[in-house]
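Visitor: This structure is in structure tokens; I'll ask about it shortly.
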């Protein structure tokens with residue numbers, strides 16, 4: 544395991560700076576590094592399953608931090624965008640890809656699974672790719688996030704659909720329903736009632752490493768609870784983040800989680816590169832290239848049309864569509880469940896997995912190329928860095944909450960002005 548860790552860190556240190564210097568961003572560097580050191584490359588790392596299992600916590604932490612940035616009232620404001628854009632992108636893409644898979648020889652049940660799985664996009668790739676270019680707050684960035692959030696919520700129903708397609712049916716028992724409801728209730732109530740006093744007590748100890756350990760326990764524990772209930776770990780972490788978005792410890796939790804998120808997310812991308820079956824790509828390059836091209840073309844065309852109708856801006860629609868053509872890490876889970884249920888042949892699952900892995904390599908290149916060559920030439924006016932957000936005005940930030948800071952806070956409180964106090968002492 545130590546040799547594998549050295550290989551992972553060494554590949555990261557070499558590939559990522561080169562990729563960034565070439566203008567393709569860090570994600571492509573991680574993916575290429577994984578392909579080089581993985582089982583299909585130099586075979587420096589062969590236990591891909593173990594690396595993937597650990598690195599998935601990077602995606603969990605990413606969704607938790609996103610939840611911390613979304614106040615509940617803002618999430619309510621986004622509801623129409625989430626379901627409108629999400630359905631508009633997901634349903635046509637899945638239907639078209641399922642139809643094409645059926646024409647290629649896949650029976651309808653397997654074609655439906657392939658269409659739905661290939662229609663998903665990768666949260667772990669899209670959000671960092673947009674963040675690297677400061678586009679998360681742009682119209683295309685917000686629309687991309689809305690679609691990804693919808694897909695995360697749709698993932699559980701898609702997995703539940705697999706037994707129905709196999710003809711076995713689904714017989715949900717009351718204990719299963721109670722378990723799911725109990726897990727969601729525990730996340731929502733625990734985050735709002737129990738976690739805040741816990742952080743106050745830990746903060747009172749004035750031991751930074753204990754506070755960091757508690758923050759990690761919160762994220763990993765929430766993900767484990769959601770996984771135990773059969774829910775998406777990422778969705779459970781996202782809910783916990785939203786619940787804690789109004790907490791006075793939000794910024795400190797974010798600062799403690801961020802380094803772990805970055806490292807584990809990088810390992811996740813490396814594991815995706817390692818999982819690519821390059822042998823199949825070498826044997827059937829035309830087939831793999833054709834499937835990747837069709838998937839990317841369908842998803843880009845659908846997303847561009849939806850974005851153009853929604854926003855009326857070709858520039859924003861192009862960015863939106865080119866952010867979402869890759870496959871999703873959740874698709875691997877969906878295909879595995881379909882193979883286990885007899886809905887999807889193993890050969891089709893292997894091909895679809897390779898197509899998704901290659902699409903994850905292609906997507907950052909397409910996006911970087913469009914930002915270099917297409918976006919600057921478009922005549923549409925430049926989007927503002929920050930659009931107006933409905934809701935209350937931003938709070939005043941008080942740096943240092945000693946005697947003077949507390950006086951300022953009391954004055955602001957008497958005037959009905961919200962404030963956030965920052966201090967070295969978490970107590």
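In our numbering, the protein residues as written are 544 to 970. The beta carbon of each residue, even a glycine, is placed where N, CA and C say it ideally should be.
1. Ignoring anything shorter than 4 residues, give me the alpha helix (DSSP H) runs that lie fully in the segment 572 to 622, in order along the chain.
2. Decide if residue 560 is buried, meaning its Cβ has at least 16 other Cβ atoms within 10 Å, or exposed.
3. Beta-carbon within less than 7 Å of residue 839's beta-carbon, same chain only, minus the 5 sequence neighbours each way: which residues are those?
4. If residue 761 sits next to residue 738, beta carbons under 8 Å apart, how far is it from one beta carbon to the other, in whole angstroms?
5. Quick check: residue 625 and residue 705, are their CB atoms within less than 8 Å of each other?
6. Just how far apart, CA to CA, sit residue 776 and residue 873?
7. What residues in its chain sit with their C-beta under 6 Å from that of residue 723, if we drop five residues either side in the sequence?
8. Can you name the start and end residues of the alpha helix (DSSP H) that residue 810 belongs to?
9. At the level of alpha carbons, what is the spacing between residue 750 and residue 795?
10. Are the Cβ atoms of residue 588 and residue 921 separated by less than 8 Å?
11. Helix, strand or coil for residue 879, going by three-state DSSP, please let me know.
12. Could you have a look at residue 939 and say whether DSSP puts it in helix, strand or coil?
13. Of all the options 860, 858, 967 and 804, which has the alpha carbon lying nearest to the alpha carbon of residue 609?
14. Would residue 632 be called buried (16 or more neighbouring beta carbons within 10 Å of its own) or exposed?
15. From what residue to what residue does the alpha helix (DSSP H) around residue 899 run?
16. Using CA coordinates, which residue listed in 811, 747, 832 and 682 is at the minimum distance from residue 855?
17. Take residue 641 and list the residues in its own chain whose beta-carbon comes closer than 6 Å to its own, dropping the five residues that flank it on each side.
18. Can you have a look at residue 735 and say buried or exposed, based on whether 16 or more other CB atoms are within 10 angstroms of its CB?
19. Please state whether DSSP places residue 960 in a helix, a strand or coil.
20. Thinking C-alpha only, which one of 790, 896, 744 and 949 is nearest residue 876?
21. CB-CB under 6 Å to residue 963, same chain, minus the five flanking residues each way: which ones, in chain order?
22. Measure the alpha-carbon distance for residue 605 versus residue 694 and round it to whole angstroms.
23. Where DSSP assigns a beta bridge to residue 965, which residues make up the other side?
24. Exposed or buried, what is residue 728 when buried is set at 16 or more other beta-carbons lying within 10 Å of its beta-carbon?
25. Quick one: what's got a C-beta closer than 7 Å to residue 636's C-beta in the same chain, skipping five residues either side?
26. DSSP three-state label for residue 639, please.
27. For residue 548, is the classification buried or exposed, using 16 other Cβ atoms within 10 angstroms of its Cβ as the cut-off for buried?
28. With DSSP run on the structure shown, which of helix, strand or coil describes residue 565?
29. For residue 757, which residues of its own chain have a beta-carbon under 8 Å away from its beta-carbon, when the five flanking residues on both sides are left out?
30. Assign residue 861 to buried or exposed, taking buried as 16 or more other Cβ atoms, counted over all protein chains shown, within 10 Å of its Cβ.
31. Could you have a look at residue 546 and say whether DSSP puts it in helix, strand or coil?
32. Am I right that residue 898 and residue 889 are in contact with their C-beta atoms under 8 Å? What's the rounded C-beta distance?
33. Residues in the same chain with beta-carbon distance under 6 Å from residue 554, minus the five sequence neighbours each way, listed in chain order, please.
34. How should residue 702 be labelled, buried or exposed, when 16 other C-beta atoms within 10 angstroms of its C-beta is the threshold for buried?
35. State buried or exposed for residue 599, treating a residue as buried only when at least 16 other CB atoms are found within 10 Å of its CB.
36. Does DSSP put residue 855 in a helix, a strand or coil?
Guide: According to the data block:
1. Runs found: 591 to 612 and 615 to 620.
2. The residue given as residue 560 occupies position 17 in the chain shown. By the Cβ neighbour-count rule, residue 560 is exposed, with fewer than 16 other Cβ atoms within 10 Å of its own.
3. Reading the chain shown from its first residue, position 296 is the one you call residue 839. Correct list, in chain order: 868, 902 and 905.
4. For the purposes of this step, residue 761 is taken as residue 218 along the chain shown, with counting starting at 1. For the purposes of this step, residue 738 is taken as residue 195 along the chain shown, with counting starting at 1. Rounded, the Cβ-Cβ distance is 6 Å, consistent with contact.
5. Counting from 1 along the chain shown, the entry for residue 625 is found at position 82. Counting from 1 along the chain shown, the entry for residue 705 is found at position 162. Cβ distance not < 8 Å, so residue 625 and residue 705 don't count as in contact.
6. Position 233 of the chain shown, counting from 1, holds the residue named residue 776. Position 330 of the chain shown, counting from 1, holds the residue named residue 873. Roughly 11 Å between the two C-alpha positions.
7. In the chain shown, residue 723 corresponds to position 180, counting from 1. The answer, listed in chain order, is 772.
8. Counting from 1 along the chain shown, the entry for residue 810 is found at position 267. The continuous alpha helix (DSSP H) containing residue 810 extends over residues 793 to 818.
9. The count along the chain shown starts at 1 and reaches residue 750 at position 207. The count along the chain shown starts at 1 and reaches residue 795 at position 252. Distance between the alpha carbons of residue 750 and residue 795: 13 Å.
10. Position 45 of the chain shown holds residue 588. Position 378 of the chain shown holds residue 921. In this structure, residue 921 does not lie closer than 8 Å to residue 588 by Cβ.
11. Position 336 of the chain shown, counting from 1, holds the residue named residue 879. Reduced to three states, the DSSP call for residue 879 is helix.
12. Within the chain shown, numbered from 1, the residue matching residue 939 stands at position 396. Strand at residue 939.
13. Translated into positions along the chain shown, residue 609 becomes position 66. Nearest option by C-alpha distance: 804.
14. Locating residue 632 in the chain shown gives position 89, where the first residue counts as 1. Around the beta carbon of residue 632, 16 or more other beta carbons sit within 10 angstroms, so the residue counts as buried.
15. Position 356 of the chain shown holds residue 899. Note, residue 899: alpha helix (DSSP H), 889 to 912.
16. If you number the chain shown from 1, residue 855 lands on position 312. It is 682 whose Cα lies nearest to the Cα of residue 855.
17. To locate residue 641, count along the chain shown from 1; it is residue 98. Here the set comprises 654, 655 and 658.
18. Locating residue 735 in the chain shown gives position 192, where the first residue counts as 1. Residue 735 is exposed by the Cβ-count criterion.
19. If you number the chain shown from 1, residue 960 lands on position 417. In the structure shown, residue 960 sits in coil (DSSP, three-state: anything other than H, G, I, E or B).
20. Numbered from its first residue, the chain shown carries residue 876 at position 333. Closest option to residue 876, Cα to Cα, is 896.
21. Translated into the one-based positions of the chain shown, residue 963 becomes position 420. Only 938 and 940 meet the Cβ criterion.
22. The count along the chain shown starts at 1 and reaches residue 605 at position 62. The count along the chain shown starts at 1 and reaches residue 694 at position 151. Between residue 605 and residue 694, the C-alpha separation is close to 15 Å.
23. If you number the chain shown from 1, residue 965 lands on position 422. Looking at the DSSP output, residue 965 shares a beta bridge with 942.
24. Position 185 of the chain shown holds residue 728. Taking a 10 Å sphere around the C-beta of residue 728, we find fewer than 16 other C-beta atoms and assign the residue as exposed.
25. Along the chain shown, read from residue 1 onward, the residue named residue 636 stands at position 93. Around residue 636: 662, 841, 842 and 845.
26. Within the chain shown, the letter at position 96 stands for residue 639. Helix, per DSSP.
27. In the chain shown, the residue the question calls residue 548 occupies position 5. With fewer than 16 other Cβ atoms within 10 Å, it is exposed.
28. For the purposes of this step, residue 565 is taken as the residue at position 22 of the chain shown. If DSSP states are grouped into helix, strand and coil, residue 565 belongs with coil.
29. Translated into positions along the chain shown, residue 757 becomes position 214. Hits under 8 Å: 741, 742 and 745.
30. Here residue 861 corresponds to residue number 318 of the chain shown, with the count starting at 1. Residue 861 should be labelled buried.
31. By 1-based counting over the chain shown, the position of residue 546 is 3. If DSSP states are grouped into helix, strand and coil, residue 546 belongs with the helices.
32. Here residue 898 corresponds to residue number 355 of the chain shown, with the count starting at 1. Here residue 889 corresponds to residue number 346 of the chain shown, with the count starting at 1. So it is not a contact: roughly 15 Å between Cβ atoms.
33. Counting from one through the chain shown, the residue named residue 554 turns up at place 11. Within its own chain, the residues whose Cβ lies closer than 6 Å to the Cβ of residue 554, once the five positions on either side in sequence are excluded, are 576 and 580, listed in chain order.
34. What you label residue 702 is simply residue 159 of the chain shown in a count that begins at 1. Per the 10 Å Cβ criterion, buried.
35. Position 56 of the chain shown, counted from the start, is the residue given in the question as residue 599. By the 10 Å Cβ count, residue 599 comes out buried.
36. Counted from its first residue, the chain shown places residue 855 at position 312. DSSP places residue 855 in coil when its eight states are reduced to three.
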